[in-house]
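With the sequence shown counted from 1, adding 1204 to any position gets you the numbering used here. What follows is a short report on a single structure.
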Amino acid sequence: MNDRTTPSLVLDDGVVWPEDAVEVGRIVDAWGVKGGIKVMPFSSDPQALFCTKKWFLRPPEQAAGALSRPSAKTGAPSVAKPAAAAPARLMAPRFLQMTTVREQGDIIVGTAEGLDDRNDAEALKGARVFVSRSAFPTPEPDEYYWIDLIGLNVVNRQGEFLGQVADLMATGPHSVLRCVVPAAEGQDAVERLIPFVSAYIDSVSLADKRIVADWGLDY
């Protein structure tokens, strides 16, 4: 997801938040005891997390003021206890200069300057990870980053509107476009899943924000 809400944001260390920041993952936990972090990438191909050592963080979307849901259990009244001190957590955008980044199973693990112990890393749990789109390596011909396909309009060979790409899903060897036609008066929204393979995709134009697919309205 692109983040253009604060193009002139200057962080505490003087680094400017990039205008073309793209959200690529989320910190899910600490890794080890020396300040390492675990990151869950948003794509099955986490290349964006390896293309630069300059990461930008935002707090979790519900970083402050979250309340736990009241219990629905019945029985004896509960006994109130003093609340434990809340762990430190990220409350403002932050820059991370990564020192190491590598894959470990389905997640990414890494270390960064300024993260010296497990407490430092745990304070970032839930943080959203962004990188600059300009740092992405140039894809090969007929290859596209998922972030560039989201928002494109999909039509078939007859010019019929199949939907706008809401997101993509990895299904084995290929990706699938999830295309959505918004709800209209008296009609529900329509969702179509179109495999992003040459057998069904005729052309992709990022400049025109358009994908042409060999796909019917009734598929």
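Here a beta-carbon is modelled for each residue, glycine too, at the ideal position from N, C-alpha and C.
- Listed in chain order, the non-local C-beta contacts of E1364 below 6 Å within the same chain comprise L1421, local neighbours out to five positions each way being set aside.
- Residues of the same chain with a CB within less than 8 Å of the CB of V1401, apart from the 5 flanking positions on each side, are H1378 in chain order.
- Rounded to the nearest whole angstrom, the C-alpha separation of R1322 and W1235 is 7 Å.
- Collapsing the DSSP output to three states places D1233 in a strand.
- K1258 is bridged by DSSP to Q1301.
- Here the C-alpha atom of V1226 lies approximately 30 Å from the C-alpha atom of W1419.
- Using a Cβ distance threshold of 8 Å, D1224 and R1337 count as a contacting pair.
- Given a length threshold of 3 residues, each whole run of the beta strand (DSSP E) inside the region 1315-1377 is given here in chain order: 1332-1336, 1357-1360, 1365-1375.
- Residue burial is scored here from C-beta neighbours: G1318 has fewer than 16 other C-beta atoms within 10 angstroms and is therefore classed as exposed.
- A residue is called buried once 16 or more other Cβ atoms fall within 10 Å of its Cβ, and V1220, having fewer, is exposed.
- For P1399, the enclosing beta strand (DSSP E) has its first and last residue at 1394-1399.
- Across the structure, P1245 and E1265 are spaced so that their CA atoms are roughly 17 Å apart.
- Judged by beta-carbon spacing, V1359 lies beyond the 8 Å limit of C1383, meaning their Cβ atoms are not closer than that value.
- Rounded to whole angstroms, D1371 and P1386 show a C-alpha spacing of 14 Å.
- For P1245, the uninterrupted beta strand (DSSP E) segment begins and ends at 1240-1245.
- Our two residues, D1320 and I1241, have alpha carbons roughly 11 Å apart in a direct line.
- The residue from V1243, I1405, G1239 with its alpha-carbon nearest to that of R1230 is V1243.
- For D1406, the uninterrupted beta strand (DSSP E) run begins and ends at 1405-1409, by DSSP.
- Annotation: the continuous beta strand (DSSP E) that includes A1417 extends over 1414-1417.
- For L1381, DSSP records a beta bridge to L1372, I1398.
- The residues V1335, A1339, in chain order, have a CB closer than 6 Å to that of T1256 in the same chain once the five nearest residues on each side in sequence are set aside.
- Close CB contacts of A1316 within its chain, under the 8 Å cut and outside five residues either way in sequence, are with G1239, I1241, W1259, L1300, Q1301, M1302, T1303 (chain order).
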